[in-house]
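Chains as they are written, first to last, in the working numbering: chain D, 1 to 277; chain H, 1001 to 1277; chain R, 2001 to 2277; chain C, 3001 to 3277.
Every residue, glycine too, gets a C-beta built ideally from N, C-alpha and C.
Number of protein chains: 4
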Amino acid sequence: MTKAARLRESLKSENIIRVTGAHNGMSAKLVEEAEFEAIWASGLEISAAYGLPDTSIVTMTEFLEAAAQMEFVTSIPIIADCDTGYGDECNVMHLVKHYERRHIAAICIEDKVFPKINSFMRGSQTLEPIGRFTSKIRAAKSAQQSPDFVVIARTEAFIAGLGLDVALMRAYAYAEAGADIILVHSKAKTATEIAQFMKRWTYPVPIAVVPTTYASTTTQELQELGVNVVIYANQGMRATVKAMRTLFSDIARCGHAGGREDLMVSVQEIFSLQGMD
Amino acid sequence: MTKAARLRESLKSENIIRVTGAHNGMSAKLVEEAEFEAIWASGLEISAAYGLPDTSIVTMTEFLEAAAQMEFVTSIPIIADCDTGYGDECNVMHLVKHYERRHIAAICIEDKVFPKINSFMRGSQTLEPIGRFTSKIRAAKSAQQSPDFVVIARTEAFIAGLGLDVALMRAYAYAEAGADIILVHSKAKTATEIAQFMKRWTYPVPIAVVPTTYASTTTQELQELGVNVVIYANQGMRATVKAMRTLFSDIARCGHAGGREDLMVSVQEIFSLQGMD
Amino acid sequence: MTKAARLRESLKSENIIRVTGAHNGMSAKLVEEAEFEAIWASGLEISAAYGLPDTSIVTMTEFLEAAAQMEFVTSIPIIADCDTGYGDECNVMHLVKHYERRHIAAICIEDKVFPKINSFMRGSQTLEPIGRFTSKIRAAKSAQQSPDFVVIARTEAFIAGLGLDVALMRAYAYAEAGADIILVHSKAKTATEIAQFMKRWTYPVPIAVVPTTYASTTTQELQELGVNVVIYANQGMRATVKAMRTLFSDIARCGHAGGREDLMVSVQEIFSLQGMD
Amino acid sequence: MTKAARLRESLKSENIIRVTGAHNGMSAKLVEEAEFEAIWASGLEISAAYGLPDTSIVTMTEFLEAAAQMEFVTSIPIIADCDTGYGDECNVMHLVKHYERRHIAAICIEDKVFPKINSFMRGSQTLEPIGRFTSKIRAAKSAQQSPDFVVIARTEAFIAGLGLDVALMRAYAYAEAGADIILVHSKAKTATEIAQFMKRWTYPVPIAVVPTTYASTTTQELQELGVNVVIYANQGMRATVKAMRTLFSDIARCGHAGGREDLMVSVQEIFSLQGMD
């Protein structure tokens, strides 16, 4: 059973699927260890891991290698954040061929214009015309080889400030075009936009959300709203930065790394995660 | 002024050089932010980041890309941990050509046999005959283009349990062969092996150490022993694992990521580190 | 002296610079062996070598690796064909930083819209507004570290059927924006478009041309027109395809590869080119 | 049906399987176009394409990417030449996991010592002890996921001048250890070594040969000897070098590329091979 097939199986369950972001093999292994259902190969985390802006300058090749590296060392499905699809329909078909061949279970493309900028940046966002984006979704679906491969269409209607009606209209259009899951992104402080959306969403296509700004909304609450997939998209990277920053300033200040076992696992623990036992 | 030249400048200073391990662009940026003098492109951290064992299965290409990714986004020198040199003299010359061309300031090769296993693993280690290893050092020195490029020879004599005399003999031979710095590795619980070594080391070639097991020995103490370079080789990775493990289990348990700002930096902070301001 | 500096030196000479396309280390070595002045890391050749369309689906990472591979094994300057710059000004600045760091002497960007399609394809081409493209040129120039690095702006005005006046207007605008060389592309059967352009070009910025369709126009004739750089952009790849196709059908037909030494160099000759002597 | 399964199917046929070497996507496409049964991702061709020696300095990562690039654009099985396995049993298991995941149908490892040197080089070759090499074969077989994946063990006994008995003894040991095909390499001017071997080979494991030096021996003759797989391992690269060398010196001499259509396919032909129609 492929990982894509396993992802489809989970989608049939009554429980919400919990997906957590990662940026390399190790973080992916830790997502699996914590028993999440899938790994989000996060565009933000991967570009941040490179130390580069999340503005379409990291290439498909680099994102793909990061996702494949995660896949290589874990056994749960990988959902790859593929930004805008890196160009037009041809680029989307090409990426689907690559990601599916690398055993990625699902890809997610969003309706912003290439080159994009991260959704949580201040400033306005421009969306692609609906017709152009549905054409990308159709291209993605036509390029997959196995029926199990999952294509997620993400609408940034709320992010762009276009409101509920546009969000719904885009979501319906993307579902009609063949998207297997619709990701509705929101940067509201609470889950109100998501709640309003879910109240009016009647189409039998699962909905995914990313509670970054409305971080206190629980999995349980989202499930009660009817959400099918919840993605903790960037918390892992944010925790690694906090941890290294704290430890590095500590070492610099104290002149040694001793006595901070509370901040670190042991070297033996790293070996164990690397499979060196 | 190249980064290699800057590293040589620092070596002339009376102060010990503090070098901290990293495994990708972001961790390298945080090492620079904490004002260490150089970045250690750590073999253990990079293989762990891949989620793979530190046993010579990660290739030179993969280690090089990780080091170059660090170099691309930072302005302090990178010292690359190159394991055993990935083969014989030809492999060493090839790696020097690659690393120098990618603006890495220094490479470090160790006197274990390829394929190697991490020095902190239980079990015995086999060292290369001295003549074979000095031949690699000479190969490395002959391959560099700029006189500023730094070649570090690392002896695992203490790790292999061969004692002080062998450690000194190997260190002298490596210095004679042209090594610019000798890294004396030890997994003793205290810095005694290092202290004994330093007492007898009279050759005018700088010494580097890696206080992983003797973690409470301070920079100040090492400097008083005459050590020139201290490398905090793996603490960053160990902190990221601890941080993600704690946070992921928290999210899994609580059903949300809210209220754990103590464990994470903000998304805006990530943007700032990515240069997205 | 860097390769970029050497390329600038050649541009000062009275003789036209002859540049020949390559797609990997070996073809680059053969360009150098034939004593051309520089190597064109051709977008068409590299995408063809991948077996992929020349339509912006091969990524910057892949093109960069191919160019860097050429640079690694040769000693003459590499001029890298960078299509449209792979996005907007940010992408262009990012590519300049990458290519310059990889010791590429020059990059060339063209005024088509991303994702682009090869200039010799039937069908129409859309050009970027002049203001957007000059903004890319300025971004490229601002990103280079050494004053020697060369930025080539390529206008597809003739390819898009826009005529001499538009070609000149664009060329002037690009030169004013800081381009070090203007590449005037033409797919006319003879060099007439180029001749007309050169007659009216008075600006002190060198002109490069690509005689693919007007293949019989000689270096001498182009030099007399005032052209400074001639690029044989794709002939190498076209020769390799012809050669392999002929030989493979021969082997398939005859059931052996013997007696066709006229079509092949010896294995020893390959060794010699690989530096295995 | 996977490509590995298709390769196994072909092995059941009465006809010898003809495999031809390639070094990138385009050459692989031309092998398929000429209707060979499989593609040899040749170590010699790939290292030569990089412009680098065939002496274990090109890494597994680089060889794997080249093979995967071939696989991505063709539909016949890829057999990957994996030199000595790039290290010990761990390296072999790691490579099998990587190659199988990249849809390569078969890998081939040889019984020389790492780092190796090409078999056609003058000078002596050292073979691994039989026990060490059979241990690698067992490691390879234990690492594959699908029973269809094919592991080829190559003996260099003839190359090392060890004679028929050693060749047979090694071949039997490798077959007993689980190798799916035995490749018997020879650099004799005629197929006599192969003929002698085949006369005494009675084990039900297929035999592959590489007629580089005995190039005039036909497929038909090899089939009559009982050989199951014939590999034209390096002729494609040798033809590309001859073709580019001829054409480049022609362009340099004549000052133009016109009138040499006999040496090149058209640009349109390249487009067609790239799938740009």
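Just to confirm my understanding: we take residue i, look at its own chain, exclude 5 residues before and 5 after, and list those with CB closer than 7 Å. What are they?
| i | result |
| --- | --- |
| I2137/R | V2151, A2153, Y2174, A2177, G2178, A2179 |
| N2234/R | G2021, S2042, L2044, E2045, T2212 |
| N3228/C | L3011, I3016, I3017, P3206, I3207, A3208 |
| Q3145/C | E3100 |
Kindly say whether residue i, judged by its beta-carbon, lies nearer than 7 Å to any beta-carbon of chain H.
| i | result |
| --- | --- |
| N24/D | yes |
| M3121/C | no |
| R253/D | no |
| K199/D | no |
| A34/D | yes |
| I270/D | yes |
Could you tell me which residues DSSP puts in a beta bridge with residue i?
| i | result |
| --- | --- |
| T155/D | V184/D |
| I3016/C | Beta-bridge pairing links I3016/C to no other residue. |
| Y232/D | T20/D |
| K2112/R | L2127/R |
| W1040/H | G1021/H, I1079/H |
| V2209/R | V2230/R |
| A353/D | Residue 353/D is absent from the model: chain D starts at 1 and stops at 277. |
Residue i CB to nearest chain C CB: under 7 Å?
| i | result |
| --- | --- |
| S2135/R | no |
| P1279/H | Residue 1279/H is absent from the structure shown; chain H starts at 1001 and stops at 1277. |
| V2209/R | no |
| L2162/R | no |
| I2017/R | no |
| A2005/R | no |
| G2236/R | yes |
| V2267/R | yes |
| Y2232/R | yes |
Among the residues of its own chain, which have a CB less than 6 Å from the CB of residue i, if the five just before and after it don't count?
| i | result |
| --- | --- |
| T2217/R | A2191, P2211 |
| F158/D | A167, S186, E193 |
| M198/D | L225, G226 |
Who are the Cβ neighbours of residue i in its own chain at under 8 Å, not counting the five residues just before and after it?
| i | result |
| --- | --- |
| H98/D | M60, L64 |
| T295/D | For residue 295/D there is no data in the structure shown, the boundaries of chain D being 1 and 277. |
Show which residues of chain R have a CB atom less than 8 Å away from the CB atom of residue i.
| i | result |
| --- | --- |
| T55/D | C2090 |
| T3155/C | Going along chain R, no residue has its Cβ under 8 Å from T3155/C, so there is no contact; the nearest lies around 20 Å. |
Under 7 Å between C-beta atoms, does residue i make it to chain R?
| i | result |
| --- | --- |
| P129/D | no |
| M3001/C | no |
| I3039/C | no |
Residues of chain C with CB under 7 Å from residue i, in chain order?
| i | result |
| --- | --- |
| A2239/R | A3243, M3244, L3247, L3263, M3264 |
Of all the CB atoms in chain D, is at least one closer than 7 Å to the CB of residue i?
| i | result |
| --- | --- |
| K1189/H | no |
| M1169/H | no |
So residue i contacts chain C; which residues on that side make the cut at Cβ distance below 9 Å?
| i | result |
| --- | --- |
| Q2125/R | What Q2125/R touches in chain C: nothing, since even the nearest Cβ is about 14 Å away. |
Below 7 Å on C-beta distance, what does residue i contact in chain R?
| i | result |
| --- | --- |
| G3258/C | A2215, S2216 |
Taking Cβ-Cβ distances shorter than 7 Å, what residues in chain D pair up with residue i?
| i | result |
| --- | --- |
| F1158/H | Residues of chain D passing the Cβ test: none, with the nearest at roughly 16 Å. |
What does residue i reach in chain D if we use C-beta pairs closer than 8 Å?
| i | result |
| --- | --- |
| Q1220/H | G255 |
| K1029/H | G51 |
What does residue i reach in chain C if we use C-beta pairs closer than 8 Å?
| i | result |
| --- | --- |
| L2273/R | A3048, G3051, V3241 |
| T2020/R | F3248, I3251 |
Since residue i meets chain D, which of its residues come closer than 9 Å, beta carbon to beta carbon?
| i | result |
| --- | --- |
| T1192/H | What T1192/H touches in chain D: nothing, since even the nearest Cβ is about 15 Å away. |
Give the residues of chain H in contact with residue i, contact being defined as C-beta atoms less than 8 Å apart.
| i | result |
| --- | --- |
| N118/D | F1271, M1276 |
Positions along the segment 2059-2075 of chain R whose CB lies within less than 7 Å of some CB in chain D:
T2059, M2060, T2061, E2062
Near-chain R residues of the segment 1078-1106 of chain H - C-beta to any C-beta below 9 Å
K1097, H1098, R1101, R1102, H1103
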